[in-house]
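In full-length UniProt numbering, the protein residues as written are 1 to 351.
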């Protein structure tokens, strides 16, 4: 009788442990799946290789005209590193053929057809630089779909129409300065997520934003008080060019500035949950062991609690062997071994 009670107690304890292991396993799987934004293929063009997952229907009254599509596509072309040579070549051609005050206008008006003709010539001559991706980009978007939100690297962005009704903030957008305004950062609010659809199911996810004027040379646009940056939300710019690539955006929140009034908001940058900034290591460091230790220490702290239980239970041992193992979960050894990607090496099973 006593042995039966002991056996029943052991069985109950085993079931409890198995339940805990399974709970951790599903927790780990849910995090992995939520971090997998999808839409990733092995595209050669950077604009087609975004990691983004749009969701939700757009707000009422949202529309996307032919002019909107042309403006968005022009931004895509000017931010595709792989076709910079085409843009530079055509701009030089416009400088030779037109007066200086018309160069920018003619460059924008004539580039699309010239680019498509150039790609068609590559195709007809069987040039190794030709690709279907390049042709689809030159052909331009076929249509567009609108969404109210988007996940970028597990960070949720939400259009202002919905976001303003919530007690949380997910519509604040920050983009570091670039192009002609290298020293000016851009601050705004997401209004609509746009998915440009190209031939062969290629796509580009873009953010349409309301940009607050952040030019420090314009009085009443931005101010810094005790190290805090405030923007005037009643002054906007780039109203005719509101699009960015979705992966350019980092999320910020806007706080009230009671000292300056309701039209001013303090910009607060933030660290996203489950996203960790791992410092770069000096590649000239000769201490190989030290470099490996730093790499493991910085990256494996969060991974340990998710991987150790799941991998131990799922891949290396059977359940009973897991429970009977002399190794505790906290004693798992981390070395560069059989799991090369994760740098995990499980200890030998007790015989």
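Every residue gets a Cβ at the ideal spot worked out from N, C-alpha and C, and that includes glycine. From a predicted model like this one, the values you see are computed outputs, not experimental measurements.
Can you list, in chain order, the residues of its chain whose CB lies under 7 Å from that of residue i, leaving out five sequence neighbours each side?
i	result
residue 74	108
residue 236	210, 211, 212 and 213
residue 208	191, 192, 194, 242 and 243
residue 98	106
residue 320	Any answer about residue 320 is weak, because its pLDDT of 44 lies below 50 and its placement is not dependable; what the coordinates show is given next. If we look at residue 320 and ignore the five residues flanking it on each side, it has no Cβ neighbours.
residue 86	115 and 118
Taking the C-alpha atoms as reference points, what is the distance between residue i and residue j?
i	j	result
residue 103	residue 114	15 Å
residue 217	residue 43	41 Å
residue 84	residue 254	35 Å
residue 143	residue 212	28 Å
residue 110	residue 46	23 Å
residue 166	residue 67	32 Å
residue 122	residue 89	16 Å
residue 129	residue 77	17 Å
residue 145	residue 271	30 Å
residue 227	residue 168	24 Å
residue 249	residue 62	21 Å
residue 91	residue 219	34 Å
residue 183	residue 126	43 Å
residue 223	residue 257	11 Å
residue 101	residue 137	28 Å
residue 50	residue 112	23 Å
residue 57	residue 124	42 Å
Can you name the start and end residues of the beta strand (DSSP E) that residue i belongs to?
i	result
residue 145	143-147
residue 125	Neither: residue 125 is in no beta strand (DSSP E) and is coded neither H nor E.
residue 269	264-269
residue 225	222-225
residue 53	52-55
residue 66	It is not in any beta strand (DSSP E) - residue 66 instead sits in the alpha helix (DSSP H) that spans 66-78.
residue 254	250-256
Is the beta carbon of residue i less than 8 Å from the beta carbon of residue j?
i	j	result
residue 132	residue 81	no
residue 205	residue 52	yes
residue 48	residue 202	yes
residue 164	residue 170	no
residue 193	residue 139	no
residue 266	residue 230	yes
residue 149	residue 64	no
Kindly give me the distance between the Cβ atoms of residue i and residue j, rounded to whole angstroms, as I take these residues to be in contact under 8 Å.
i	j	result
residue 196	residue 72	6 Å
residue 189	residue 175	Rounded, the Cβ-Cβ distance is 12 Å, inconsistent with contact.
residue 198	residue 242	That pair is no contact at about 21 Å.
residue 263	residue 232	6 Å
residue 119	residue 135	5 Å
residue 260	residue 152	Wrong, their Cβ atoms sit about 31 Å apart, outside the cutoff.
For the alpha helix (DSSP H) that residue i lies in, which residues bound it at each end?
i	result
residue 195	Per DSSP, residue 195 belongs to no alpha helix (DSSP H); it is in the beta strand (DSSP E), 186-197.
residue 86	84-97
residue 139	132-139
residue 162	160-163
Kindly list the residues whose CB is nearer than 6 Å to the CB of residue i, restricted to its own chain and excluding five residues on each side of it in sequence; keep chain order.
i	result
residue 94	103, 106 and 107
residue 234	263
residue 238	211
Is the Cβ of residue i closer than 8 Å to any Cβ of chain B?
i	result
residue 93	The displayed structure is made up of one protein chain only, and chain B is not part of it.
Which residues in the same chain as residue i place their Cβ atom closer than 8 Å to its Cβ, once the five residues preceding and following it in sequence are excluded?
i	result
residue 185	174, 175, 176, 177 and 214
residue 268	252, 253, 254 and 255
residue 240	71
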